[in-house]
Each structure stands twice: as structure tokens, then as C-alpha cells.
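In terms of the working numbering, the sequence shown opens at residue 12 and continues consecutively.
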Amino acid sequence: MANKVAPGIPKLTLDQQLLVRFAQLLRQRYDARLYLFGSRARGTAHQDSDYDLVAVAEAFSAQPLLRRGLDRGDLWREAGGWRIPLDLHCYTPKEFREELAGLGYLGQAKRRGELIEIKTPRARRTVA
């Protein structure tokens, strides 16, 4: 389906819009990058499947690992994720690199090509 606002750019689904809004909020607040993995990245999700997401930012180093995802739930709701289940993992860049190199779920997702970065639209620069 074509996008009437920006011809040539496909219109985003509601799921994609939610992910982009969440990625934008994380980038604004924490300078974080956002990645999707799991059933939604594989294309095997059901209607009630949760979103398996990884946020990566140096700012997360100020909190204990297990607390980080819980404290970002407000941003998920602000992005429009009310009633949509979320499993959010938050890592520093160093922790993320270590996870990707390991045998855990993120390393496996990367090797299978199932770790997808959620890109946010770049701000347009004006020429003076």
C-alpha cells in the first residue's frame, strides 16, 4: 500500500508504527538502539505473541541489569503499547556485544538472521 504523505515509501503497519515510535522514544531519552527478535522477527508470531525487544545504550549502565527493562515499560505505553505484551531486555553496548558472541538467545538469533534493528526516520536537515 502506497504512502500518500510520502510517495514511494510504503505505508507502515500498526505494528511497525508502534516499534518505530518506541525506538524514537528510546533514542530520545537514552540514545538507545532497538532490535526485534523472536517470533515476530521470524514471522511466526500469533495475534497474542509478545514483542521480544533488545534496547542498547550506555545509559543503562547506571541500573542493575534485571531492573532496566521494567523501568522502560512507561515508554512502551507512551508509544501506544497498551495491552500489548512486551519482553524488553536492556544492555550496554559491551554487554550486547558479549551476548551476540555467546550461545544464548541473542547469539542464536543473530546467527539465524533473526535480529532486526528498528530504524528510526532521520531528522531532515534544512539548507540555509
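Glycine included, every Cβ here is placed at the ideal spot set by N, Cα and C. A quick note: this is a predicted structure, and the numbers were derived from the prediction, not measured.
As computed with DSSP, V31 is found in no beta bridge at all.
The beta carbons of F48 and L126 sit closer together than 8 Å. Nearest in C-alpha terms to A52, of all of Q35, L30, F71 and R40, is L30. CA-to-CA, the gap between G124 and V65 works out to about 15 Å. If you look at R79, you'll find it in the alpha helix (DSSP H) that goes L76 to R79. Cβ-Cβ separation between T103 and S60: approximately 27 Å, too far for a contact (criterion under 8 Å). In this structure the stretch 107-123 does not touch the stretch 78-88; the number of beta carbon pairs closer than 8 Å is below three. Bridge pairing for L97: Y62 [DSSP]. Ranked by Cα distance from Y116, the options T131, H100 and K130 are led by H100. F48 is bridged by DSSP to D63. In the three-state reduction of the DSSP assignment, E128 falls in the strand class. Straight-line spacing of the CA atoms in G92 and I129 works out to 16 Å.
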